[in-house]
Amino acid sequence: MKTHYTIPFFILHKGCPHQCVFCDQRKITGRRMAAPAEVPERIERYLETVPSAGAAVEVGFFGGTFTGLPMELQDSFLGPVRKYIDSGRIRGIRLSTRPDFINEDILTFLKGRGVVCIELGVQSMSDRVLSAAKRGHTAEDTERASRMITRAGFMLGHQMMLGLPSSSADDEYFTARRAKELGAAQVRIYPVLVMKGTELARQMDDNRYVPLAEEEAVLRCARLILYFESRGIRVIRCGLHPSEGLLSGDDLAAGPFHQAFRLKAEGRIFSFMLDHVSREAAREDNVIYLSFNPKDEAGIFGFERENFSKIERICGRDRDRFRRDEDIPRGCLLIAEKGRMFLLDRKTIADSVLPECLRD
Ligand code: SF4
Numbered sequence: 008m009k010t011h012y013t014i015p016f017f018i019l020h021k022g023c024p025h026q027c028v029f030c031d032q033r034k035i036t037g038r039r040m041a042a043p044a045e046v047p048e049r050i051e052r053y054l055e056t057v058p059s060a061g062a063a064v065e066v067g068f069f070g071g072t073f074t075g076l077p078m079e080l081q082d083s084f085l086g087p088v089r090k091y092i093d094s095g096r097i098r099g100i101r102l103s104t105r106p107d108f109i110n111e112d113i114l115t116f117l118k119g120r121g122v123v124c125i126e127l128g129v130q131s132m133s134d135r136v137l138s139a140a141k142r143g144h145t146a147e148d149t150e151r152a153s154r155m156i157t158r159a160g161f162m163l164g165h166q167m168m169l170g171l172p173s174s175s176a177d178d179e180y181f182t183a184r185r186a187k188e189l190g191a192a193q194v195r196i197y198p199v200l201v202m203k204g205t206e207l208a209r210q211m212d213d214n215r216y217v218p219l220a221e222e223e224a225v226l227r228c229a230r231l232i233l234y235f236e237s238r239g240i241r242v243i244r245c246g247l248h249p250s251e252g253l254l255s256g257d258d259l260a261a262g263p264f265h266q267a268f269r270l271k272a273e274g275r276i277f278s279f280m281l282d283h284v285s286r287e288a289a290r291e292d293n294v295i296y297l298s299f300n301p302k303d304e305a306g307i308f309g310f311e312r313e314n315f316s317k318i319e320r321i322c323g324r325d326r327d328r329f330r331r332d333e334d335i336p337r338g339c340l341l342i343a344e345k346g347r348m349f350l351l352d353r354k355t356i357a358d359s360v361l362p363e364c365l366r367d
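Heads up: the sequence shown begins at 8 in this note's numbering, then just goes up one per residue.
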């Protein structure tokens with residue numbers, strides 16, 4: 008299997024006419040945007056660090072409404088990538104945009120310039136939630152754009168948010184279901200963070216908005232990862248990338264920010280799995296052996312080894328009963344006990360722990 012690499016460029020939509028309640032446009036406009044002239048040099052630099060064999064490399068334009076930029080500017084970003092695609096060094100281009108900035112002409116233009124994946128900033132499939140977030144588009148825009156994108160042969164990505172004003176867990180599970188039904192192959196999940204200076208921060212100060220608690224955000228994310236992965240949809244990001252302003256706290260007013268957010272969610276999934284093993288197999292007289300893929304070790308132990316006591320309850324203190332095994336598929340546990348051996352995969356766990364609305 009090839010390892011995926013993305014060479015990222017952050018394209019800010021300066022002067023965006025929308026006013027999403029969670030977005031601080033002053034910070035966006037104050038930030039430096041990548042310039043088209045930097046594209047070839049940055050690609051060359053990245054390619055030097057990527058192994059020549061077994062790598063699938065893409066160029067990604069993120070951070071704004073790419074297809075809302077003037078056509079000439081879009082062209083000046085995409086054009087320099089062409090020669091790398093033609094030479095086979097770059098597999099293609101991915102970009103993110105709003106659902107209401109997609110039409111047939113735009114898709115034809117992008118197709119001709121080597122774009123292979125379009126990620127839509129969906130955020131929610133509830134019009135009530137979209138309206139409360141002042142997104143300026145509807146769920147129908149997402150449906151229409153998603154269908155056009157998949158029909159035109161692009162890979163479709165959906166980006167969704169957890170904890171938007173007036174959004175419930177059920178709204179978010181519904182958004183996830185629609186992502187699957189609309190053919191998303193990849194998703195990014197972002198718990199809402201309250202950034203200083205935003206309308207959301209003012210709503211919070213007036214007690215009109217309560218951010219998600221970290222534990223709840225981790226739990227919802229863990230369920231969504233289980234849902235998507237068990238349906239063959241890759242979750243390529245969970246939680247915002249930790250920028251300097253987030254790490255220092257200068258930009259963040261409140262919300263479930265954690266540098267190891269994905270690890271926390273993975274740890275929660277393995278916690279579900281360990282609970283399942285305890286229920287199914289752990290009895291006084293039963294000696295259980297657990298095997299796992301070494302790449303899952305951090306997730307199995309969980310953040311700050313929070314799953315350790317569950318592992319010990321199942322395997323005792325005998326390290327031999329808790330084994331790394333490269334042949335075990337990622338995300339699974341192999342359980343061996345007297346007279347039987349079985350593989351516990353994410354589909355099985357999804358079926359047992361997901362809420363009714365996510366079982367299909
Ligand atoms: S998040 Fe909303 S307001 Fe901010 S740049 Fe994107 S569309 Fe514009």
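All C-beta atoms, glycine included, are put in the ideal place defined by N, C-alpha and C.
Quantities reported herein were computed from a predicted structural model and do not represent experimental measurements.
Check whether residue i and residue j have beta carbons under 8 Å apart
i    : j    : result
I276 : L233 : yes
I18  : F84  : yes
V284 : L351 : yes
F29  : M211 : no
M168 : A146 : no
V360 : F264 : no
L259 : L200 : yes
Q130 : A139 : no
R330 : S298 : yes
P15  : F69  : yes
L231 : A267 : no
K9   : A63  : yes
P172 : G262 : no
L247 : L254 : no
C27  : F181 : no
R227 : A176 : yes
R151 : H25  : no
R98  : L54  : no
Proximity test, residue i beta-carbon vs the ligand SF4 heavy atom, cut-off 7 Å
i    : result
T72  : yes
R105 : yes
Q26  : yes
C23  : yes
C30  : yes
Beta-carbon proximity list for residue i, same chain, < 7 Å, skipping 5 on both sides
i    : result
R1   : Absent from the structure is residue 1, since the part of the chain shown begins at 8 and ends at 367.
G190 : S153, T157, L163
L281 : N314, K317, I318, I321
I335 : S298, F299, N300, L341
A305 : L270
Residue i classed as buried or exposed, judged by whether at least 16 other C-beta atoms fall within 10 angstroms
i    : result
E179 : buried
Q166 : buried
S94  : exposed
A208 : buried
V194 : buried
A229 : buried
F161 : buried
T36  : In this prediction, T36 scores a pLDDT of 49, lower than 50, which makes its location untrustworthy; the coordinate-derived value is nonetheless stated afterwards. When all chains shown are included, T36 counts as exposed.
C339 : buried
L76  : buried
G170 : buried
R347 : exposed
H362 : Looking at the sequence provided, one finds Pro at residue 362 rather than His. P362 is exposed by the Cβ-count criterion.
L378 : The shown model of the chain, from 8 to 367, leaves out residue 378, and the question about it has no answer.
V225 : buried
R353 : buried
R52  : exposed
Residues of its chain near residue i, where Cβ-Cβ distance is below 6 Å and the 5 sequence neighbours each way are ignored
i    : result
T74  : T104, F108, I113
V100 : First, the amino acid is wrong: residue 100 is Ile here, not Val. Closer than 6 Å at the Cβ level, and outside the excluded window around I100, lie V66, V88, G121, V122.
Y296 : R328, A343
I125 : I156, F161
A159 : L114
P58  : none
Chain-order list of residues whose beta-carbon lies under 8 Å from that of residue i (same chain, five-residue window excluded)
i    : result
S250 : D258
T13  : V64, E65, V66, G67, R101
H144 : R105, P106, D107, L137
Is it the case that the segment 316-334 contacts the segment 241-251, given that we only count it when at least three CB pairs across the two stretches are under 8 Å?
no
Given 8 Å as the limit, is there contact between the segment 42-50 and the segment 74-92, that is, 3 or more CB pairs closer than that?
yes
Check whether the segment 265-282 and the segment 307-316 touch, using three or more Cβ-Cβ pairs below 8 Å as the test.
yes
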